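So our numbering is basically just the index in the sequence shown, starting at one, shifted up by 79. Single-structure report; data block below.
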Amino acid sequence: MEFIGTARPKRENWVVTMTSDEQAIMGQHFEYINKLFSEGKITFSGACTDGAMGLIVYNAESAEEAKVLFENDPLTKSGITNTELHPFRVGHVNK
Numbered sequence: 080m081e082f083i084g085t086a087r088p089k090r091e092n093w094v095v096t097m098t099s100d101e102q103a104i105m106g107q108h109f110e111y112i113n114k115l116f117s118e119g120k121i122t123f124s125g126a127c128t129d130g131a132m133g134l135i136v137y138n139a140e141s142a143e144e145a146k147v148l149f150e151n152d153p154l155t156k157s158g159i160t161n162t163e164l165h166p167f168r169v170g171h172v173n174k
C-alpha cells in the first residue's frame, strides 16, 4: 500500500530564510528519510525547486504503519511545516 506525505512551508521564501534550528530539523529529516529509503519504506521523495512543497511516497503494509512512519519524521514532529498524509496510488512512472 502506498501513501503520500506532503509538507508545505508556513511562510514564503522558507527555503532561503530557514533559521539554524529549522536547518537542523531538515538535516534530521533527510537522515530519517534516507534510512527509510534504504529499508524500502519510501518509493519516491522530492521537493519543488521553488520551495512550495515536499512530498514522500511511503510503501507501507497498512495505514497504521504509514502513519507511524509519517509521524516519526522529525519534520512532522517539529511542526515547522504544514504536513498531511493520504492514501495514494501511483499511476504512471517513466523510468
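Here a beta-carbon is modelled for each residue, glycine too, at the ideal position from N, C-alpha and C. Computed from a predicted structure; not experimentally measured.
Boundaries of the alpha helix (DSSP H) harbouring VAL94: 93–96, taken from the DSSP string.
When Cβ pairs closer than 8 Å are counted between the two stretches, the segment 102–114 is seen not to touch the segment 161–171, the count staying below three.
ALA142 and SER157 have their C-alpha atoms some 22 Å from each other. When secondary structure is reduced to three states using DSSP, GLU81 falls in the strand class.
For ASN113, the enclosing alpha helix (DSSP H) has its first and last residue at 99–117. ILE112 and HIS165 do not touch by the CB rule: their CB atoms are close to 17 Å apart, not below 8 Å.
In the structure shown, SER124 falls within a strand segment according to DSSP collapsed to helix, strand and coil. With fewer than 16 other Cβ atoms inside 10 Å of its own Cβ, GLY119 counts as exposed. The beta-carbon distance between ASN161 and ARG87, rounded to whole angstroms, is 5 Å. This is short enough to meet the 8 Å contact definition.
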